[in-house]
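Residue numbers (our numbering): 4 to 559. Below you'll find the structure, written out as structure tokens, and then a few comments.
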Amino acid sequence: MSTATRSALSLVLLLIAIPAFAKPIAISGRLLGYDGKPLQAAGITLADPADAQQEPTFASVGADGRYSLTIAGPGVYWLIAHGVGHESVRQPLLFADEKDVKLDVQLGTYSYTTLDSVIVIGEFNKNSWTDGAVMMKRQPDGTLVADIPFKGKKLAYQLLGVVPLHSVNGTSGSDFTYDGGGDYISSVPVKNGKARIVFDSRKLPSAGKPSAITTADASSKLATFLRINADMTRRENVLREKAMAWQAAGKEMKDWKYDNAAELQTIAQQIADERDAFTRQLLLISYLDAQSSTGRDSAIAQMAAREIDPESILWSLDPDKISMMYRFAGKLKTPLTLEEYLERASTKHPVMETRARLSFNRLMIAHYAKDTVTEAAMYKRIVEEYPTTYYAKTAKAEFAPDRAIQVGRKIPEFSFASLTDPAITYTNENMIGRTYLIDFWAVWCGPCIGEMGSLHAAYDKFQKRNFEILSLSFDGSPNDVTKFVEKKWKMPWRHAFVEGGFGNPTSVRFGVTGIPKPILVGPDGTILATEEELRGEKLEKTLDRVLAATEERSAN
């Protein structure tokens with residue numbers, strides 16, 4: 004199972020008219036492995052984002068890879084397909100017509116680690132990524148082995164260190180169970196109170212194979228959707244690889260430039276040539292989605308604002324694209340202002356989760372603009388109208404009037420053992436007397452890594468002025484941090500590991516719903532600054548101001 008949720012794909016289309024008495028749609032096809040062969044265990048699900056109360060439609064997959072299921076009618080659905088030893092697929096699908104569909108899915112495979120540190124977790128240690136996990140031992144034949152005492156007939160287990168940031172099934176055992184997060188759990192028999200687990204890397208599927216989703220009707224709107232979505236995914240992968248290469252070279256992300264002008268021009272020409280409204284709107288969103296340091300043509304963003312209805316059900320896939328669309332449009336005239344567009348979308352959109360997300364976006368915009376009236380109104384709407392959503396939970400943690408983390412309040416109680424020396428403990432009490440930055444982070448968090456340059460520069464500049472950093476890791480294992488510090492950024496300050504990450508009681512008390520989350524604390528334990536004031540180039544400016552004031556008070 005992944006430790007981080009995969010970001011949603013960004014697709015926005017025209018408002019889809021769903022008939023009042025929609026005809027159910029039968030969907031069937033094959034779910035296969037990267038090599039075109041059936042899998043030992045696999046499953047496929049379609050979830051309707053327009054109906055949060057409705058259970059997703061699930062289909063088991065036969066020994067020949069065939070499946071069939073029925074959805075309520077036309078609309079946008081999330082496809083989740085998974086199989087043993089393969090990377091799961093999660094992406095939106097558009098069913099615009101009331102006709103049955105043939106849909107085939109071929110899963111891709113993971114890219115693997117160096118396999119020099121493979122760890123077993125399972126029933127024996129309550130699936131903890133740290134406590135009681137067992138390191139496998141390499142054998143002369145190249146396999147890895149672990150013998151684990153266990154009471155029972157079978158031991159269910161997964162492996163860490165095979166795929167980055169995932170716990171996955173092993174190569175030994177014939178029974179597999181879906182873990183609910185995209186991966187599978189293996190089972191091996193227990194003999195004489197012990198389960199022997201053998202990992203043979205030669206049995207792993209070939210690495211890095213792409214997934215593919217195809218439909219029999221190449222002229223359908225679904226086929227158009229899949230084609231343009233695949234192009235967007237390709238660009239996203241190229242962008243990620245280039246960004247990772249830049250970071251691996253030790254360069255700061257603030258200096259990174261990605262020139263994608265040629266591809267933007269190609270999409271712009273496709274938009275100009277396209278006469279079908281459906282396809283043109285897909286291309287418009289593809290254009291907005293294509294990241295580039297060269298910027299966007301504001302006229303194309305204006306066209307998107309004119310043609311895409313605020314109540315389009317497709318906004319449920321990435322509501323943030325609304326603000327992006329208006330930012331690119333700049334000063335060009337649009338039928339609705341951004342505020343009008345957001346107000347209509349956040350109150351009239353058919354999907355409750357999307358209305359909640361857009362209301363939360365408006366809350367954040369108002370907060371940073373110091374618009375206390377709108378901030379209070381959006382906070383009230385979110386917690387009262389959408390109390391069970393992630394956005395209500397986050398709003399309460401980050402924007403509630405009585406929240407713990409606020410400038411001027413005392414830092415809540417905390418206690419963490421040092422990552423490098425377990426005999427040392429960092430607490431809110433023994434950190435008194437110095438100005439320090441608490442930094443909740445993880446090696447898998449791209450924005451966290453993007454802050455490394457600023458953190459190192461600030462530490463080098465201010466450490467002699469009684470300034471310290473305490474980095475609190477949300478990684479799967481303390482070893483992840485150790486490797487990162489050895490091979491990537493030195494991070495020559497204090498470190499601790501947060502067992503359970505976001506679910507840790509301290510994380511909950513501190514209102515950590517996303518990372519990085521920086522908090523600056525003064526010598527007396529008072530919170531001096533949070534969030535945006537401590538990101539990027541603003542960090543040094545904030546520290547300059549805060550430390551100067553602290554030193555002046557001390558001098559007096």
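Virtual Cβ for every residue (Gly too), placed ideally from N, Cα, C.
For Ala265, does the count of other Cβ atoms within 10 angstroms reach 16, so buried, or fall short, so exposed?
Residue numbering aside, residue 265 sits at position 262 when the sequence shown is read from its first letter. So Ala265 ends up on the exposed side.
Delimiting residues of the beta strand (DSSP E) encompassing Val241
As a first step, residue 241 must be located in the sequence shown, where it is residue number 238. Run containing Val241: none in the beta strand (DSSP E); it sits in the alpha helix (DSSP H), Lys224 to Ala251.
Strictly by DSSP, which residues pair up with Met455?
Sequence index remark: in the sequence shown, residue 455 carries index 452 (1-based). Answer is none; Met455 lacks a bridge partner.
Euclidean distance between Cα positions of Glu239 and Arg93:
Working through the sequence shown from its first residue, we reach residue 239 at position 236. Working through the sequence shown from its first residue, we reach residue 93 at position 90. Spanning the two alpha carbons is a distance of roughly 15 Å.
Quick one: is Lys334 buried, meaning 16 or more other Cβ sit within 10 Å of its Cβ, or exposed?
For this step, residue 334 is matched to residue 331 along the sequence shown. By the 10 Å Cβ count, Lys334 comes out exposed.
For Asp463, does the count of other Cβ atoms within 10 angstroms reach 16, so buried, or fall short, so exposed?
In the sequence shown, the residue the question calls residue 463 occupies position 460. Looking at its Cβ environment, which holds fewer than 16 other Cβ atoms inside 10 Å, Asp463 is exposed.
What is the residue span of the alpha helix (DSSP H) that Asp483 lies within?
Taking the sequence shown and counting its residues from 1, the one referred to as residue 483 is at position 480. Its alpha helix (DSSP H) spans residues Pro481 to Lys490.
Round the Cβ separation of Val108 and Leu34 to the nearest angstrom and send it over; I've been treating them as touching at under 8 Å.
To locate residue 108, count along the sequence shown from 1; it is residue 105. To locate residue 34, count along the sequence shown from 1; it is residue 31. In this structure Val108 is in contact with Leu34, their Cβ atoms being roughly 5 Å apart against a cut-off of 8 Å.
Are the CB atoms of Ala149 and Val165 within a distance shorter than 7 Å?
What you label residue 165 is simply residue 162 of the sequence shown in a count that begins at 1. What you label residue 149 is simply residue 146 of the sequence shown in a count that begins at 1. In this structure, Val165 lies away from Ala149, with their beta-carbon atoms at least 7 Å apart.
For Asp100 and Arg514, the rounded distance between their alpha carbons:
Translated into positions along the sequence shown, residue 514 becomes position 511. Translated into positions along the sequence shown, residue 100 becomes position 97. The question names Arg, but residue 514 in the sequence shown is Gly. Gly514 and Asp100 have their alpha carbons spaced roughly 44 Å apart.
Counting pairs of beta carbons, one from the stretch 473-483 and one from the stretch 538-556, are three or more of them closer than 8 Å?
Three or more Cβ pairs closer than 8 Å define a contact, and the stretch 473-483 falls short of that threshold against the stretch 538-556.
Is the Cβ-Cβ distance between Val524 and Ile518 less than 7 Å?
Residue 524 sits at position 521 when you count from the first residue of the sequence shown. Residue 518 sits at position 515 when you count from the first residue of the sequence shown. A distance of 7 Å or more separates the beta carbons of Val524 and Ile518.
Looking at Gln284: is its Cβ nearer than 7 Å to the Cβ of Glu314?
Translated into positions along the sequence shown, residue 284 becomes position 281. Translated into positions along the sequence shown, residue 314 becomes position 311. For Gln284 and Glu314, no; Cβs fall outside 7 Å.
Ile231 and Ser289 closer than 7 Å at C-beta:
Counting from 1 along the sequence shown, the entry for residue 231 is found at position 228. Counting from 1 along the sequence shown, the entry for residue 289 is found at position 286. For Ile231 and Ser289, yes; Cβs fall inside 7 Å.
Does the beta-carbon of Gln305 have 16 or more other beta-carbons within 10 angstroms, so that it is buried, or is it exposed?
In the sequence shown, residue 305 corresponds to position 302, counting from 1. Buried: at least 16 other Cβ atoms inside 10 Å.
Under three-state DSSP, which class holds Phe202?
The residue given as residue 202 occupies position 199 in the sequence shown. Shown here, Phe202 sits in a strand according to DSSP, grouped into three states.
Excluding the five sequence neighbours on either side, which residues of its own chain have a C-beta within less than 7 Å of the C-beta of Thr392, listed in chain order?
The residue you call residue 392 lines up with position 389 of the sequence shown. Answer for Thr392: Glu356 and Ala359, listed in chain order.
Under the rule that 16 or more other beta-carbon atoms within 10 Å means buried, what is Lys520, buried or exposed?
In the sequence shown, the residue the question calls residue 520 occupies position 517. Buried, since its Cβ has 16 or more Cβ neighbours within 10 Å.
In chain order, which continuous runs of the beta strand (DSSP E) of length 3 or greater are located wholly inside the stretch 107-161?
Qualifying beta strand (DSSP E) stretches, in chain order: 122-125 and 147-152.
Helix, strand or coil for Ile311? Go by DSSP, reduced to three states.
Along the sequence shown, one-based indexing puts residue 311 at 308. Coil at Ile311, not helix or strand.
Let me make sure I understand the geometry here. Which of Val64, Ala75 and Thr428 has the alpha-carbon closest to that of Ala84?
Numbered from its first residue, the sequence shown carries residue 84 at position 81. Out of Val64, Ala75 and Thr428, Val64 has the C-alpha closest to the C-alpha of Ala84.
With a cut-off of 8 Å on the beta carbons, I'd call Phe202 and Leu287 a contact; round off their distance for me.
The sequence position of residue 202 within the sequence shown is 199, counting from 1. The sequence position of residue 287 within the sequence shown is 284, counting from 1. In this structure Phe202 does not touch Leu287 by the C-beta definition: roughly 48 Å separates them, more than the 8 Å allowed.
So which of Asn507, Phe443 and Lys140 has the shortest CA-CA distance to Val484?
Locating residue 484 in the sequence shown gives position 481, where the first residue counts as 1. With distances taken between Cα atoms, Val484 lies closest to Phe443.
What does Glu90 pair with, by DSSP beta-bridge criteria?
Position 87 of the sequence shown, counted from the start, is the residue given in the question as residue 90. Bridge partners of Glu90: Gly111.
Using the Cα positions of Glu543 and His89, report the straight-line distance between them to the nearest angstrom.
Locating residue 543 in the sequence shown gives position 540, counting from the first residue. Locating residue 89 in the sequence shown gives position 86, counting from the first residue. Between Glu543 and His89, the C-alpha separation is close to 44 Å.
Between Thr1 and Leu106, is the Cβ-Cβ spacing less than 7 Å?
Because the chain in this structure spans residues 4 to 559, residue 1 falls outside the shown range and cannot be described.
Going by CA-CA distance only, name the one from Gln409, Phe419 and Glu540 that's closest to Glu454.
Taking the first residue of the sequence shown as position 1, residue 454 is located at position 451. Comparing Cα-Cα distances from Glu454 to each of Gln409, Phe419 and Glu540, the minimum goes to Glu540.
Is Lys544 helix, strand or coil when you go by DSSP?
By one-based count along the sequence shown, residue 544 stands at place 541. Helix at Lys544.
Selected residue, minimal CA-CA separation from Arg205, among Asn482, Ser131 and Tyr115
On the sequence shown, residue 205 is found 202 positions in, with the first residue counted as 1. Out of Asn482, Ser131 and Tyr115, the CA that lies nearest to the CA of Arg205 is found in Tyr115.
Simplified DSSP state of Lys72, which is helix, strand or coil
Within the sequence shown, numbered from 1, the residue matching residue 72 stands at position 69. Here the sequence assigns Leu to residue 72, which means Lys is not the residue at that position. Strand at Leu72.
Assumed close pair Ile47, Ala62 - CB separation to whole angstroms, cut-off 8 Å
Counted from its first residue, the sequence shown places residue 47 at position 44. Counted from its first residue, the sequence shown places residue 62 at position 59. For a cut-off of 8 Å, the C-beta gap from Ile47 to Ala62 is around 5 Å, short enough to register as a contact.
Where do the N-terminal and C-terminal ends of the beta strand (DSSP E) with His352 fall, by residue?
Reading the sequence shown from its first residue, position 349 is the one you call residue 352. DSSP places His352 in no beta strand (DSSP E); its state is neither H nor E.
Using a Cβ-Cβ cutoff of less than 8 Å, which residues in the same chain neighbour Arg406 once the five nearest sequence positions on both sides are dropped?
One-based indexing of the sequence shown puts residue 406 at position 403. If we look at Arg406 and ignore the five residues flanking it on each side, its Cβ neighbours are Lys399, Ala400 and Gly514.
From the DSSP output, in three-state form, read off Leu35 for me.
Against the sequence shown, residue 35 aligns to sequence position 32. If DSSP states are grouped into helix, strand and coil, Leu35 belongs with the strands.
Coarse secondary structure for Ser170, derived from DSSP in three states:
On the sequence shown, position 167 is the one that residue 170 refers to. Three-state result, Ser170: coil.
Using three-state DSSP, classify Asp262 as helix, strand or coil.
Along the sequence shown, one-based indexing puts residue 262 at 259. If DSSP states are grouped into helix, strand and coil, Asp262 belongs with coil.
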